[in-house]
Amino acid sequence: MQVIQEGAEVWGDDRPDLGGLDPGPAFARLFDVHAPQLRRYLARRVGPETANDLVAETFLVALRRRESYRPELGTARSWLYGIATNLVRHQVRSELRGLQATARLAHAGELSHAAHDGRVAEQVDAQTRAAQLAGALAQLNPADRDTLLLVSWAGLDPAEVAQVLGIPPGTVRSRLHRIRRWLRANAPAQNTKEAQTS
């Protein structure tokens with residue numbers, strides 16, 4: 001947990017009173033602490049350009065709704081990831097269309113080839129594996145996809161994912177078990193390594 005010093009007060013990412021948080025320098029520090037990790041997670045979900053927009057929108061929503069933050073329900077980090085995940089849900093249709101289109105390209109064999117001959121096979125293999133994994137992710141229901149990606153891409157632990165999604169930690173663990181089992185059976189072996197070790 002990163003700690004932020006504000007005058008004589010020290011607080012971490014589970015500050016008990018975000019509602020009283022000054023929207024000036026203190027909120028900027030909250031942004032500095034959490035934005036880089038949030039941006040990495042969102043970039044993997046929706047791409048870097050959209051991620052930058054969603055990070056900004058996440059903190060705008062957090063600033064506007066800071067009075068609604070309830071520390072008994074989770075840390076500020078979990079609260080921010082919850083806001084971000086809800087924003088991503090609004091993009092689910094676009095995300096699914098992109099994943100499905102990528103999967104269709106792999107199945108149709110219409111992958112683009114690199115100009116450099118020495119790396120063509122390697123790049124085609126990587127694109128094929130990525131397309132197959134994208135197709136597998138597209139087949140997951142949104143709740144399962146959010147659960148897996150919050151663990152695998154955002155690096156949240158099951159307790160934090162539970163806070164983000166508003167479900168019990170046991171539900172997160174059982175979802176992860178079911179998702180990993182499904183991925184082992186339905187996704188390319190090399191691409192399920194990350195899901196198995198997360």
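Residue numbers for the sequence shown follow full-length UniProt numbering, so the first one is 1 and each next one is one higher. Backbone N, C-alpha and C define an ideal beta-carbon position, used for all residues, glycine too.
> With a CB to CB cut of under 6 Å and the five nearest residues on each side skipped, what residues in its chain are close to residue 41?
Replying inline: 153 and 154
>> Quick check on the burial criterion: 16 or more other C-beta atoms within 10 angstroms. Buried or exposed for residue 185?
In response: exposed
> Taking C-alpha atoms, which residue in 88, 56, 26 and 51 lies nearest to residue 164?
Replying inline: 88
> To which residues of the same chain is residue 168 closer than 8 Å at the C-beta, ignoring the five residues directly before and after it?
Replying inline: 162
>> Give me, in chain order, the residues of the same chain whose beta-carbon lies closer than 8 Å to that of residue 171; leave out the 5 immediate sequence neighbours on both sides.
In response: 162
>> Could you tell me the alpha carbon to alpha carbon distance between residue 62 and residue 138, rounded to whole angstroms?
In response: 29 Å
> Which term fits residue 49, buried or exposed, when burial requires 16 or more other beta carbons within 10 angstroms of its beta carbon?
Replying inline: exposed
> Hey, quick one: how far does the alpha helix (DSSP H) through residue 186 stretch, first residue to last?
Replying inline: 169 to 186
>> Taking the alpha helix (DSSP H) that residue 70 belongs to, which residues open and close that run?
In response: Segment: none, residue 70 is in no alpha helix (DSSP H) and carries neither H nor E.
> Less than 8 Å separating the beta-carbons of residue 158 and residue 145?
Replying inline: no
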